[in-house]
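Notes follow the structure.
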Amino acid sequence: MQANIINPFLTASIDLFSQMFGVQAEPGSAYVIKDQIHHRWEISGVLGITGDHQGIVAFRLPRLLADKLLEKSGVKTANEKDRKDMVNGMVGELTNIIAGNASNKFEEHDLDISPPVVIIGEHHEIAWPKIGPVVGIPFNTSFGPFEINVCLK
């Protein structure tokens, strides 16, 4: 996948973590994901992209990072169910922000994003479209790792 498709998602992720949480997100090297089953992510925010490019984008993270981000945002919850609901909503919204900000950087292309879906569970699978490679962009933060996965044509 070309850098001009990956870089907007990289930049949008760095900006989001800096602006919303005051946390530096350090990107690693992008790679093509071959093994979809064996991964460390417990939560994935997933959304579709249509228009001049089509595909799927996912924001993937461990529960510990999601909990820390919720805490950093200042949200308080009364019980475990409320906390889980807030984490799910936050992950969906962060996925939406990353994809929305990235799509705005495709200045000469018309892109639309679908509402996000949040998937929870160890070793959960995403049924990626067979339109091209799935590229992973790993990040490290002081709160823990996360990854952006992109499959666009």
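In my numbering, the protein residues as written are 8 to 160. Quick reminder that beta carbons are idealized off the backbone N, C-alpha and C, glycines included.
- The three-state reading of DSSP puts R47 in coil, since its state is none of H, G, I, E or B.
- T18 sits in a helix when the DSSP states are folded into three classes.
- For R67, DSSP records a beta bridge to S51, E154.
- Secondary structure at G81: coil, using DSSP grouped into helix, strand and coil.
- Collapsing the DSSP output to three states places F146 in a strand.
- In the DSSP annotation of this structure, V125 is not part of any alpha helix (DSSP H); the continuous beta strand (DSSP E) holding it starts and ends at 124-127.
- Residue range 118-120 is occupied by the beta strand (DSSP E) that includes I120, with no alpha helix (DSSP H) assigned at that position.
- Ranked by Cα distance from E154, the options Q9, K75, F16, I12 are led by F16.
- With 16 or more neighbouring CB atoms inside 10 Å of its own CB, V98 falls in the buried class.
- Residue pairing by DSSP places E132 opposite no residue, since no beta bridge is assigned to it.
- The C-beta of T102 has 16 or more other C-beta atoms within 10 Å across all chains shown, which makes the residue buried.
- The beta carbons of A106 and I120 sit about 5 Å from each other, so the pair counts as a contact at 8 Å.
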